[in-house]
Each structure stands twice: as structure tokens, then as C-alpha cells.
RNA sequence: GGCCCCGUGGCGGAAUUGGUAGACGCAACGGACUUAAAAUCCGUAGUUCCGAAAGGAACGUGCCCGUUCGAGUCGGGCCGGGGCCA
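Written as C-alpha cells, this is what we have:
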């Protein structure tokens, strides 16, 4: 019998599926719908192994649900705008458009070689004008709905590259490309009003019961709801200062008040105080990332103004401008209680301000309790706080709020979530469809003039944003007055592109952003699969977008993704030579458990397994694996052993063993001679292989439905072992087993299973064959093995019919030799019998 | 610092959710087939101790304590690793 030739078989079936349009999804179907989606890739150039893992999982699910009788939508597209294309353009002198589309062509080919059951008729790239024109329309609709606004905002400014940087592009205060110190700069920017949905985005998390708890928690923390009190200080210069605090209970521990450097009052004071102006400028030198501000040394500037304590007209607090107070949070002004807030404490220590504890832990002595280097933020009772003394923290908060409400204070809810700044000073993105007119101000582009297309050629030999430097593109007429005007030269954050692509897939060719019928039918996505790195931003933005699109009349949907699965990364051992240079796996050869450089035989240090990355060279190219073993082998590897949410380690041995298993299945299933023809009933035959078959069907079905691919794989191994262990099973039983095997592996190893299906005498396609059904009568066990314990220690087992009565089980247990030995000189005090499980004799 | 997750053979991992710990796979070892190798097939295998052997005993899921007839699973405390927010 010939070995299975994966290469020939795989390309043959890929062509056949394509010609027969097996995976094209009809717009309408009487079947129930199932929308499975993997996070679409950025077209970086080649598929990497993380993509393989992600798309294999999605494809298994798509094929499984299709076989179960669902109408499955399983599309693919390209998250095609973004910085790498600009870098390639700058470095290689190609156009970002050509570079991107060439990458897409390569990667599409690679995905097809994986045998993914994708409806390619729905494919699009976000850099297609046919996609982003609709995004521009959505932007204008959101503008009309009041969900888009323009505002001054602090940005991280790279003075060398003359560009705005995202927080992630700033490391240790330096720009990631230029290495220059980043400055804070104010620019007029476009915002999406995600905070209009803070409460809804938070509350709706509870309903996402098919999301990982971890992701829901991360989103919850990100939205960051906190309840607090807004009240007013009267200042010595006669002004009022609004304060927000989550700890009104600590008001008697206050030792200062502090303003943000960006507070309007600060700006006003700075006009008359050059030293303060200099201090503010100094604060702005740090980037905008909160973590960075947090890490920076706490600095303050004493304004010489004082604030009157709301409960004591004779008690005044110094008012500082402090670098750690954020204008974006609360009112941009705080009162500082050093004893119970770490930042306030650091500030107070530096400026020698009093630190008075007012909350005493229950187990501490109020007279001796002092604060050292750490603020006390735990529970306790109030002290040193006049009328609050003795109250618990929560009661004290209430009491303060109650008393201050008469002075105009209000209990308020504050969120950490900020509005979404979507302006990017980048040329390879979706142009913002707005025009700036000297007479009319900011004017939306007319819908009939959409799309605002990117220029055909983008010049990269300029400082700053090439769109800004392109007069032909930039200058236009005002849609309002027809006079001279300029386009907004910013483009949208690429997270906007990925916030609604899953909607577009429901009808990628519609002349409007959303075909309402298709969207209503297919959405929400039933199962979304992708990396945990998108747990916060992408998923939160998509959730917001669906709400905004609903408001604009496009959708009736509440949540975009009913089910979410976050898969783990693919890792590999790392290698270094004697000089500490990283080495690639294909440069290494292993002998007797040690590693050597292939070329020279020099010893190699084997390091820990880490996420595959170019910098550590521990990458394995999927196309190489597919070339050697075929797609089914790499797919099987991605599903085996490691639970899908955990990091998986790629090993050559593992790949070999998957390849061997492909061949084993081929051997087992291609021996069809002597079997009765397809369709021969096995019902009525009694054989242990029949029971094994139906147990396997039941188990694999359950594991696949729960996305526990590694356990499904283990069940299939066990099933194949059962088949080879019973070579003389009756023909009909054997046929039933082999057909079940082919059907069960078909979502995971689609090409092999088509070939095996054919070898078993069937017409193509197994990909269109229905999922096997387990016969419940064959799942019932014939005998159960019952553990027998003496004092909780295992002493033996007994075989019994399921549901055997307690008395006979006890008798059988006591009859066991090891039990007799263990019971010597003792008498049973109690016997616990758990039906079908265990007999435990307590002596 | 707070919150959350994880810790099981040489390795990846199972364990019906409190009931026989180590399924399945990798690596290893023994055997069959072969001139030989590869491939394949059959078998062994948690650790330690006793025994010539058949077999038997003790220990065993990061550590300590607890609840229970019974704990990988539940509770408390610690150690180690990771994540998110500070």
C-alpha cells in the first residue's frame, strides 16, 4: 500500500473544493446560522505560526458546525493599513499600496495551502477604497449623531520624526524610531465619544457569558468605574476650586490641595508667574502614558494660594500644581491625604507636609499608629476626624457627603475610560473626511464626494506627514461655501478599521456600509477567536462601534461577539552560540540530548522556550513545515496536547509524530478491501468496537463543541488504538468505525479525510458530509470498575454491573485478599458505598 | 501594592468537578520483522523500599495546616511563575 502523499492530495482537494464552491456561504438558508471568525491578519508579508494556530482552530470549528447542519459564515480579510507599510515604503522605496497588496497575495496563497474552509468571495482589505469609503460614511454619521468631536489634546510628539506617537511607541520617554526624547504637545484632534457608553460597556460585560472571565475583568478594570464626591474649596484669591475624590472620608487628613498642570486655573496663574509657566513646561516633557507619569518623581509648585477646609473656616491648605494630577480624570484637582494615598504620601514627604492618619486598622492602636513609607489604604475606623471618629470608612464617606451636599457637593461616578483619540498624522490610513475652511470652519465632506481617496503616490522623503506635504491632495474646495479649503490630513487610527470589519463580512459588496438584512441575520459573531493581546482595546472599540452603529441606524445588535476565545502563543526553544548570538532552529542539530551547530559542530546553549520572535530567531516557518509534511500535519500539531488557551511549544519530535499519525490513519482507513460496501448497516451487530466507535463520536463531539481540541485529539488516538486492537471485528462494524473515524478527523485533517473517504468508497466531499450521531444505547457501560478502599487507601477493585446493590458490593469488597489483610485485627465501623464508584471501609 | 490565573512523571498534559492520580501523546527501554537501517507492529514504564521471583509495602499532584469516610479538586497561610491595574 502506498504511503499517503500529502503534497499531491492537499493541492488536489484544495482545487476540488474551490471548483465545487464547497465553502461559499449562501446569503439565505433554512439552516441555523453560525458565524465563526478569527481575528484578521495584518499583511506583514508571510503567515507566521501564530496565524496557523489561530486559523486552524477557527477552521476546525467552522467545518464541525457545517457538518452539524449549520449554515456557516467563515470569512477572511486583511487589516491592511498601518505603520509597517510606511516603513517598508521608506526603506525600500516601494509604494505602501503595492507592498501591501503583494503581501496579501502571498499570504492568501499560504492560507489556501492550509486548507481553510473560507468563503473567499467575501474577502476585502481595509485599505480597499471600497471598504474605507464606507468607514468614512460611518464617521460622518457618527459626527451627525454627536459621537465625534474635535478637541485639543496632549499627544506624544517626536521632535525628530515630526510625528505623533502612540503611547506604545514611547519607551522610557524616547521615541521608538528616532530615539529622541518625546515631548507633550497640544494638537487639535478628532475623538470618538466612547465615554458616552462607559456605563453600558461596563454593565453589558455581565451578559457576555461565553467570554473568558479574565478578559471581562480586564475590560472592567480598563473602564474603571469609581464612585466619589465632587465638592468645592474656596481659595484665598476668591476663586472656587472643584475637587473630585473617591475618599471623602479622609478629608480631615488633608494636608494640601493640588492642581493638574493642565488645569484652567493653572494656566491662568502661569500667565502671571513665569516660574510656574516653566514648571508646567517641565511637566509636559514627560509622555502622556499614565504609567509613565506614575513612575516619574512627584513634583509640585507652591502657588502661594491657600484653600479653606470645607469643615473648618480657620483651617487652610496650601495649593500646589503637581505633575501627578491628571486633567483627564475627575476635575483635574485633588485634595491630598498623604496617610492614605501613596502618591500623596510621596509628595508630602518631598515637600515636608503633615502626614496625619485618619483611618486606623482594626488591629492597630490609634494612639501609636503611624505611617512610614507606605500609605494605609485598607479598611478601619476613623480617628483624628472630629465628628467622623469611630465610623467605618464607608459610613464616613456617607457622612461627609451628607454634610457637604448642603454646600453644593454631589456624589458622582467617575470612569477611568477616556474618549478615543482617532486622529493619526500618518499617510497610510483611512483619510478623515473633513475639510477646514477659513470661512466655514470644519466642514464634513459631502457624502456624494466619498470616498476621500488616498493619493496614488505618497512621497516619503518629507518630514512629518506626507499628506500634509502634498498640496494637490491637500487643497480642495469647501463643501459649504465652495471657497478654498484644505483637507484634514490626518487618518483614522487603524483600530477603527478593525472595529466593524466583522459587520462588513456579512455582505462585503453592499453599496452601503451595512446590508441590514445580512447583518441582522448573521450577527452577532457566534465564536470569535484571537490573541489575548486584543483583550482590551480592539474588543472594547468593537463593542463601542456596534453601539454607535446602532445609534446611527445600521444595526439592531447589542454586542458584536457572543463567544470569545483567546488562544495562546506558539513558543520554541532558544539557542545561542558561545559568543551569545541567537541561532535559528534550522542551524541546530541535536545529539545525545545536547545541541550543536550543524555547520561547525560547535556546542550550542539551549535556552528556555519563548514566544517565537525574529529577534530571538526561534521561529519556524509554516511554509517549510507544510512543504515537508503537509497542512494536515501542522494543523494536527496545533490542536494536539496543549489546551488551546495556553502557550504551545513547537518541537520537531512533535511534528514527526503528527506526521506518523497521518500515515497511521491512512493505513487504517485505506484498507477497505473485504469491507462491505458503504451504507451497510452495523446496527444489530454486537461488538466492543461498536461501543468504542459510539463513545468516540460522543466524546469528540462534546470536546469540539467546547473548543477543547487537545482532548478531542486524545479521544481520536484512543479510538484508533481501539480499531487496531480489534482487527477481526465484523466487516460492517469495522466499516462503521472507519467511517466514523474519517468523519471525526475531517474538521482537523480535512485533506487526509477526503482521501480516506474516497478510499472507503464514498463520493466527495467528506467536507459536505453530515456529522456522525452517537447511539445512546451503545454508550451505556456494561460493567463498572469500583475502587475498594480501607480508610481511604486503595486496596483493590471489583467489577460489577452498573447499579449493583450495595450489599453485594460490600460482600465483594470484603472478599478481596488485600482488604482482608488490611482489616486483620480490626473491625469495620462504617462502610461507605458510592454507587458505581467506590466502597470505602472505615476501620 | 491591589486584583486575577497557574504550579501534577524526564516532557506536553488527562482526571467524569470531592470518589481508582498520571488517560492520550512525546521522549526512553525491551522484543518482533529486516542482511542492516528506516518505517511498522507488540510490550514495559510515578518514586523508593522488601523479595530470586510471583508479589508486597510505603510515599506521591510546589510547601505547611485544616475540613472530610475520602482532597490534585474545598478553606486558611506561605513559596514560586504569569497576567491586568496601579
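Residue numbers (the working numbering): 2 to 844.
For each residue, glycine too, the CB sits at the ideal point set by N, CA and C.
query: Would you kindly work out how many angstroms separate the C-alpha atoms of residue 3 and residue 754, rounded to a whole number?; result: 16 Å
query: Am I right that residue 301 and residue 322 are in contact with their C-beta atoms under 8 Å? What's the rounded C-beta distance?; result: 7 Å
query: For the segment 696-708 and the segment 623-641, state whether three or more C-beta atom pairs, one from each stretch, are separated by less than 8 Å.; result: no
query: When burial is assigned at 16 or more other CB atoms within 10 Å of the CB, is residue 125 buried or exposed?; result: buried
query: Are the beta-carbon atoms belonging to residue 49 and residue 59 less than 9 Å from one another?; result: no
query: Ignore the nearest five residues each way along the sequence and tell me which others in residue 160's own chain have a CB closer than 7 Å to its CB.; result: 181, 184
query: Whole beta strand (DSSP E) runs in the segment 301-354 with 3 or more residues, listed along the chain?; result: 301-310, 313-323, 334-337
query: Who are the near neighbours of residue 791 in its chain, counting only those whose CB is closer than 7 Å to its CB and skipping five residues on each side?; result: 820, 823, 824, 842, 844
query: From the DSSP output, in three-state form, read off residue 187 for me.; result: strand
query: What first and last residue would you give for the beta strand (DSSP E) that runs through residue 159?; result: 149-159
query: If you draw a straight line from the alpha carbon of residue 401 to that of residue 244, how long is it in whole angstroms?; result: 14 Å
query: Can you check DSSP and say which residues form a bridge with residue 241?; result: 235
query: Leaving out the 5 sequence neighbours to the left and right, which residues in its chain are closer than 7 Å to residue 760 when beta-carbon positions are compared?; result: 670, 671, 673
query: Put residue 490 into one of helix, strand or coil per three-state DSSP.; result: coil
query: Just to check my reading of the structure: residue 356 and residue 339 have Cβ atoms closer than 8 Å, yes? What is that Cβ distance to the nearest angstrom?; result: 4 Å
query: Nearest by alpha-carbon distance to residue 424: which of 154, 119, 473 is it?; result: 154
query: Tell me the residue span of the beta strand (DSSP E) that contains residue 568.; result: 565-568
query: Which residue marks the beginning of the beta strand (DSSP E) containing residue 607, and which one marks its end?; result: 604-612
query: Tell me the DSSP secondary structure of residue 772 in three-state form.; result: coil
query: Which of the three DSSP states is assigned to residue 381 in this structure?; result: coil
query: Looking only at DSSP bridge pairs, what is residue 108 linked to?; result: Answer is none; residue 108 lacks a bridge partner.
query: Just to confirm, is the Cβ distance from residue 262 to residue 285 under 9 Å?; result: yes
query: Count the C-beta pairs between the segment 777-791 and the segment 102-118 that are closer than 8 Å, then say yes if the count reaches three, no if not.; result: no
query: What three-state label does DSSP hand residue 507 in the structure shown?; result: helix
query: Taking 6 Å as the limit between beta carbons, can you name the residues of its chain near residue 552, skipping five residues before and five after?; result: 146
query: Three or more beta-carbon pairs under 8 Å between the segment 517-531 and the segment 457-473, yes or no?; result: no
query: With distances taken from CA atoms, which of 312, 717, 283, 455 is nearest residue 253?; result: 312
query: Identify which residue in 451, 480, 459 has its Cα closest to the Cα of residue 444.; result: 480
query: Can you say whether residue 440 is buried or exposed, counting buried as having 16 or more other CB atoms within 10 angstroms of its CB?; result: exposed
query: Kindly indicate which three-state DSSP category residue 557 falls into: helix, strand or coil?; result: coil
query: Confirm, please, whether the CB-CB distance from residue 429 to residue 459 is below 9 Å.; result: yes
query: Got a sec? Which residues, its chain only, sit under 7 Å from residue 741 by beta carbon, not counting five neighbours each side?; result: 694, 697, 698, 773
query: Under DSSP, the beta strand (DSSP E) around residue 34 begins and ends at which residues?; result: 34-39
query: Taking Cβ to Cβ, would you say residue 712 is nearer than 9 Å to residue 205?; result: no
query: Does the distance from the CB of residue 221 to the CB of residue 233 come in under 9 Å?; result: no
query: DSSP three-state call for residue 695: helix, strand or coil?; result: helix
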